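Visitor:
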Amino acid sequence: MTVASLVHTLKSIREFELSLISDLDKVKAEASKKIEQAKEKAKKIMDDTLQKIEDERKKIQRNFEIEVKNKLIEIDTATQKILNEIKAKAKSNRDTAVNFIIKYILGEDNV
Numbered sequence: 013m014t015v016a017s018l019v020h021t022l023k024s025i026r027e028f029e030l031s032l033i034s035d036l037d038k039v040k041a042e043a044s045k046k047i048e049q050a051k052e053k054a055k056k057i058m059d060d061t062l063q064k065i066e067d068e069r070k071k072i073q074r075n076f077e078i079e080v081k082n083k084l085i086e087i088d089t090a091t092q093k094i095l096n097e098i099k100a101k102a103k104s105n106r107d108t109a110v111n112f113i114i115k116y117i118l119g120e121d122n123v
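Convert by adding 12 to the 1-based position in the sequence shown; the result is the number in our numbering.
1. The alpha helix (DSSP H) spanning V120 covers which residue range?
2. Counting only runs of 4+ residues fully inside the segment 57–104, write out the alpha helix (DSSP H) ranges in chain order.
3. Do you know how far the Cα of M13 is from the Cα of E52?
4. Can you grab the Cα-Cα spacing for the pair A159 / N111, in whole Å?
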């Protein structure tokens, strides 16, 4: 082999090496781009999932608040009913006591 053919072979090897480096850089750039896209997609999925969780939490909280409010209304209604019954009994007892006192004062025998 002559020096010229060796130089030519070395140049060919160098060009092939540069071509491989260029291809590697392209692959690296493409991989970086795909990794970035995957990160963005993962972030969007996480954000969507977090939003769904927050929406569901708010829905559960609203339902719980409505349930508590309804129970409080039931308790208030029952309390009011009991209070009305107590008032009616108190009025009846008061009326009975007043009648008893009047009859006692008037001296009726069936006291």
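Think of the CB as a built atom: it goes at the ideal place given N, C-alpha and C, for glycine as much as any other residue.
Because the structure is a prediction, the values reported are computed rather than measured.
Guide: On the basis of the data shown:
1. First, the amino acid is wrong: residue 120 is Glu here, not Val. Taken as a continuous stretch (DSSP letters only), E120 belongs to no alpha helix (DSSP H), as it is neither H nor E.
2. The segment 57–104 contains no whole alpha helix (DSSP H) run of 4 or more residues.
3. Linking E52 to M13 through their CA atoms gives a straight-line distance of about 56 Å.
4. The chain is shown only over 13 to 123; residue 159 falls outside these bounds and no answer can be derived.
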